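S.K.:
There are 2 protein chains.
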Amino acid sequence: MSQVYNFNAGPAVLPADVMQQAQAEFVHYGALGFGIMEASHRAPEFEAIIQAAEANLRALMGIPEEYAVLFLQGGASLQFGMVPMNLLPAGGSADYADTGTWSSKAIKEAKLFGNVNVVCSSKATNYDHIPAFGTWKLDPQAAYLHVTSNNTIFGTQYASFPTPPAGVPMIADMSSDILSRPLNVRDFAMIYAGAQKNLGPSGVTLVIMRKELAARCPANVTTMLKYSTHIDENSLYNTPPTFGIYILKLVTEWVQRQGGVAGIAARNEAKAKLLYDAIDGSGGFYRGPAKLDSRSRMNLCFTLPKAELDKPFLQGAVAAGLVGLKGHRSVGGMRASLYNAMPLAGVEALVSYMRQFRSCHG
Amino acid sequence: MSQVYNFNAGPAVLPADVMQQAQAEFVHYGALGFGIMEASHRAPEFEAIIQAAEANLRALMGIPEEYAVLFLQGGASLQFGMVPMNLLPAGGSADYADTGTWSSKAIKEAKLFGNVNVVCSSKATNYDHIPAFGTWKLDPQAAYLHVTSNNTIFGTQYASFPTPPAGVPMIADMSSDILSRPLNVRDFAMIYAGAQKNLGPSGVTLVIMRKELAARCPANVTTMLKYSTHIDENSLYNTPPTFGIYILKLVTEWVQRQGGVAGIAARNEAKAKLLYDAIDGSGGFYRGPAKLDSRSRMNLCFTLPKAELDKPFLQGAVAAGLVGLKGHRSVGGMRASLYNAMPLAGVEALVSYMRQFRSCHG
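Those protein sequence lines, which keep their order, are chains A and B. Position 323, counted from 1, in the first sequence is what the working numbering calls 323; the numbers after and before it change by one each time, with no gaps. Heads up, the working numbering is the position in the second sequence plus 362, with the first residue counted as 1.
Below, the structure written as structure tokens:
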């Protein structure tokens with residue numbers, strides 16, 4: 001089969017090494033006699049996997065001891081409800097930065113549980129940038145400050161993070177850029193991410209949080225939605241998504257082999273530069289809707305001179321083995337998701353195709 | 363590798379055909395050019411899978427048009443909260459039958475949202491039977507009646523189901539016996555099941571419910587926990603656990619090849635009879651703690667003459683390729699889970715080992 005590059009925004013490309021290893025041991029895992037998918041979540045083989053997944057993430061991201069690392073279900077969408085359910089006390093208020101569709105959804109869910117103070121919004125310009133921190137209207141009494149580190153749909157990303165007022169915990173939805181660049185975990189009280197971009201398959205949600213934060217949860221929250229439940233039981237309160245956690249563990253080992261987060265970040269910078277240079281050097285044929293200082297290294301959006309060219313561009317791309325490039329309808333045009341597992345060769349093939357398409361249609 | 367039979371209670375054995383097919387197409391799914399695990403949940407290839415999974419379940423179980431078939435996350439444990447959150451109005455009361463650990467957990471969660479009337483309980487005799495329906499104290503005004511069709515830990519199962527008072531919807535947790543025997547879906551307003559016993563891997567939760575029931579949900583429930591959200595969006599409101607749904611679809615095809623639910627049920631009866639006959643014909647060496655009329659066809663529990671024999675029994679079993687037989691600590695002894703995918707040959711091997719062990723230790 002000829003090479004296909006998968007630019008989907010998620011579920012997304014996984015490292016070829018990981019896919020091959022998982023295939024090789026799919027039916028017979030180690031000395032188990034059957035597949036890891038068929039093993040009990042209490043089996044020593046699976047316990048070794050979930051412990052290694054946690055240990056690898058702690059080492060790769062520098063997650064301190066006072067933080068829990070949890071493997072949950074439901075995606076970021078369930079976190080939009082769980083965060084205020086656990087951390088926004090009745091009558092309290094939380095700060096939210098509105099930088100895209102997923103931020104807006106998080107805000108909508110938080111409003112079911114308390115007051116929301118929208119500290120900034122780029123909605124008026126179709127979410128084309130991350131508002132400058134100096135303009136944010138932060139509440140020093142906020143229960144927490146919520147940010148979305150990368151905006152998958154609009155192709156924007158925080159280049160750095162704000163400093164919340166003293167005592168206000170910062171919570172970040174990092175679904176689409178976790179493990180893509182170095183960060184200081186202690187700058188955040190909590191980080192969460194659906195796995196299906198940089199960590200593994202859909203169906204696993206990673207939560208990294210200061211353990212003491214979980215004590216804020218009111219007593220009347222159902223057991224499965226209390227972070228404290230999963231902290232107390234090391235993510236084994238009930239049956240976790242075992243196969244997804246196994247793949248995630250293989251992905252963490254792959255990241256280690258790439259030189260860790262620093263190595264991955266350098267590759268991601270090079271990949272993004274290659275594509276942005278192709279956009280910026282196209283004499284205006286391709287245009288990136290995101291403002292320069294807010295451009296994402298993960299989801300790179302670009303438009304063509306006229307919308308009628310979208311269809312031929314996409315058809316030609318598929319013929320060239322480049323799939324998943326259609327942009328979200330709220331932005332239009334194209335979106336290339338260059339997650340960790342997208343090889344540089346995929347971006348080179350895309351840039352080459354873009355040059356060729358422009359020469360025919362420019 | 364020599365044959366290993368996996369008697370774990372869940373995650374559990376999957377059909378060998380399914381495991382082999384999933385392995386063969388793991389890295390290259392059809393003409394996609396990559397694995398189905400890497401495909402977008404909006405890709406036509408995945409849409410075909412989720413639609414086939416639903417259609418196959420509808421055909422196998424005879425699920426009528428007025429019922430939704432949903433693929434959710436969080437397991438039965440999250441349903442314990444979602445059911446009352448959606449269906450138990452403030453100030454209302456729900457009926458629950460207490461037949462084991464999982465029933466008790468469901469009751470505990472429901473109490474967070476309203477009043478619970480426990481209609482029956484076998485707790486006093488360590489949950490060794492399903493209480494006779496004539497003794498149940500049903501509330502004709504109940505918001506719903508909740509039953510647990512099979513009790514994984516105690517090895518009991520409903521041989522038939524009660525008839526609730528007119529207008530009271532019956533809700534069943536069928537996590538450990540769904541798709542194992544024929545039933546009339548219209549006898550239930552809702553059926554839910556974690557996938558990891560008879561349907562596929564952990565991380566997928568099947569919900570079958572009368573669509574009109576979902577309208578009862580209060581407005582202040584977070585979007586992801588409203589059944590109506592997932593009914594309206596055909597389980598694609600957010601990214602579902604795509605790979606788990608793919609495996610589930612393969613399992614439904616395998617059930618079709620076994621002659622559907624009727625064929626599976628006949629096999630399950632034969633498997634259970636073989637093991638129960640071995641227990642009952644052991645001259646009292648092996649004993650089944652569950653009462654005869656409540657014995658499960660899925661999880662068959664038995665004890666040895668003295669607890670000191672448990673360890674040698676288990677060690678010998680592993681040496682004979684029979685794994686996952688240790689009973690739950692609340693019952694002790696052994697538990698053989700004979701889910702749909704356990705072949706008759708596995709039960710024959712177990713019975714043969716039990717005969718041999720008895721001849722050495724009887």
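Note that beta-carbon positions come from the ideal geometry of N, C-alpha and C, so glycine has one too. Every value quoted in this text rests on a predicted model; they were computed, and no experiment measured them.
Using the Cα positions of I231(A) and G650(B), report the straight-line distance between them to the nearest angstrom.
M.R.: Roughly 37 Å separates the two Cα atoms.
S.K.: Please tell me whether I153(A) and S330(A) are closer than 9 Å, where the distance is taken between their beta carbons.
M.R.: Their beta carbons are under 9 Å apart, which means I153(A) touches S330(A) by this criterion.
S.K.: At the 9 Å Cβ level, is G203(A) part of the contact set with chain B, yes or no?
M.R.: Interface residue, yes.
S.K.: Going by beta carbon distance, what residues of the same chain come within less than 6 Å of R659(B), once the five residues before and after it are set aside?
M.R.: N630, A634.
S.K.: Does any residue of chain A bring its CB to less than 9 Å from the CB of T461(B)?
M.R.: With 9 Å as the cut-off, T461(B) does not count as an interface residue toward chain A.
S.K.: Just grab the DSSP bridge partners of L434(B) for me.
M.R.: According to DSSP, which records beta bridges pairwise, L434(B) is partnered with T567(B).
S.K.: Among L676(B), T604(B), Y458(B), R404(B), which has the Cα closest to the Cα of H508(B)?
M.R.: Nearest C-alpha to H508(B): Y458(B).
S.K.: Any C-beta of chain A within less than 8 Å: which residues of the region 599 to 610 of chain B qualify?
M.R.: Residues passing the 8 Å Cβ filter: Y599, N600, T601, P602, P603, T604, F605, G606, I609.
S.K.: Distance cutoff 9 Å, beta carbons only. Does H508(B) sit that close to anything in chain A?
M.R.: No, H508(B) does not count as interfacial toward chain A.
S.K.: Checking the sheet assignment: what are the DSSP bridge partners for G194(A)?
M.R.: T205(A).
S.K.: So what does DSSP say about Q718(B), is it helix, strand or coil?
M.R.: Note: Q718(B) maps to helix in three-state DSSP.
S.K.: Please confirm whether Q413(B) has its beta-carbon closer than 9 Å to some beta-carbon of chain A.
M.R.: So, not an interface residue.
S.K.: At a CB-CB cut-off below 7 Å, which residues of chain B make contact with P343(A)?
M.R.: Near P343(A) there are no residues of chain B at all, since even the closest Cβ is about 12 Å away, more than 7 Å.
S.K.: Would you verify that the beta carbon of E416(B) is, or is not, closer than 9 Å to some beta carbon of chain A?
M.R.: No, no contact with chain A.
S.K.: Near L610(B), which residues of its chain fall below 7 Å by C-beta distance, leaving aside the five closest residues on each side in sequence?
M.R.: Excluding residues within five positions, the ones whose Cβ falls inside 7 Å are A415, A557, L561, G562, V566.
S.K.: With H230(A) as the anchor, note down where its alpha helix (DSSP H) starts and where it stops.
M.R.: Taken as a continuous stretch (DSSP letters only), the alpha helix (DSSP H) holding H230(A) covers 227 to 232.
S.K.: Is there a Cβ from chain B that is less than 9 Å from the Cβ of G332(A)?
M.R.: It does not; no Cβ of chain B falls within 9 Å.
S.K.: Could you list which residues in chain A have their beta carbon closer than 8 Å to that of G376(B), in chain order?
M.R.: Correcting the residue type first, residue 376(B) is Leu in the shown sequence and not Gly. Within 8 Å Cβ-Cβ: G35, M37, E38.
S.K.: Count the CB pairs spanning the region 442 to 454 of chain B and the region 404 to 420 of chain B that are closer than 8 Å, and state whether there are at least three.
M.R.: Result no; under three Cβ-Cβ pairs closer than 8 Å.
S.K.: Nearest by alpha-carbon distance to M696(B): which of K688(B), A703(B), N702(B) is it?
M.R.: For M696(B), the nearest C-alpha among the options comes from K688(B).
S.K.: Whose Cβ in chain A lies nearer than 8 Å to the Cβ of E407(B)?
M.R.: Those do not exist, as E407(B) stays about 11 Å from chain A at its closest Cβ, beyond 8 Å.
S.K.: Can you find a CB in chain A that lies within less than 9 Å of the CB of V709(B)?
M.R.: Not an interface residue.
S.K.: On the criterion of 16 or more Cβ atoms from any shown chain inside 10 Å, does D128(A) qualify as buried, or is it exposed?
M.R.: So D128(A) counts as buried.
S.K.: Identify the contact partners of S122(A) in chain B, using a Cβ-Cβ distance below 9 Å as the criterion.
M.R.: Within chain B, no residue comes near S122(A); the closest Cβ sits about 23 Å away, beyond 9 Å.
S.K.: With 9 Å as the limit, tell me which residues of the region 576 to 599 of chain B have their beta carbon closer than that to any beta carbon of chain A; keep them in chain order.
M.R.: Against chain A - using a Cβ distance shorter than 9 Å - the residues of the region 576 to 599 of chain B are A581, N582, V583, T584, T585, M586, L587, Y599.
S.K.: What did DSSP end up calling R329(A) once you bin it into helix, strand or coil?
M.R.: Coil.
S.K.: Under the DSSP definition of a beta bridge, which residues are partnered with R42(A)?
M.R.: For R42(A), which the question treats as bridged, DSSP gives no partner whatsoever.
S.K.: Within 9 Å of any Cβ in chain A, is that where the Cβ of L470(B) sits?
M.R.: Inspection of the sequence shows that residue 470(B) is occupied by Lys rather than by Leu. Taking Cβ atoms only, chain A reaches closer than 9 Å to K470(B), which makes this a yes.
S.K.: Are the CB atoms of L225(A) and Y144(A) within a distance shorter than 9 Å?
M.R.: No, the Cβ-Cβ distance between Y144(A) and L225(A) is not below 9 Å.
S.K.: If you reduce the DSSP assignment to three classes, tell me which class Y630(B) lands in.
M.R.: Tyr is not the amino acid found at residue 630(B); the sequence shown has Asn there. Helix, per DSSP.
S.K.: For A632(B), I'd like the list of residues in its chain whose CB is within less than 7 Å of its CB, leaving aside the five on either flank, ordered along the chain.
M.R.: Same-chain partners within the cutoff: L706.
S.K.: Which same chain residues end up closer than 6 Å to Q3(A) when comparing Cβ atoms and leaving out the 5 residues on each side of it in sequence?
M.R.: Within the same chain, Q3(A) has close Cβ partners G321.
S.K.: For L432(B), collect the residues of the same chain with a Cβ closer than 6 Å to its Cβ; drop the 5 residues on either side in sequence, then sort them by chain order.
M.R.: Closer than 6 Å at Cβ, skipping near neighbours: V569, H592, S597.
S.K.: For R543(B), which three-state DSSP category applies?
M.R.: Reduced to three states, the DSSP call for R543(B) is coil.
S.K.: Identify whether M19(A) lies in helix, strand or coil by the three-state DSSP scheme.
M.R.: Helix, per DSSP.
S.K.: May I have a chain-ordered list of the beta strand (DSSP E) segments no shorter than 3 residues that lie completely inside the region 52 to 111 of chain A?
M.R.: Within the region 52 to 111 of chain A, the complete beta strand (DSSP E) runs of at least 3 residues are 67 to 72, 93 to 98.
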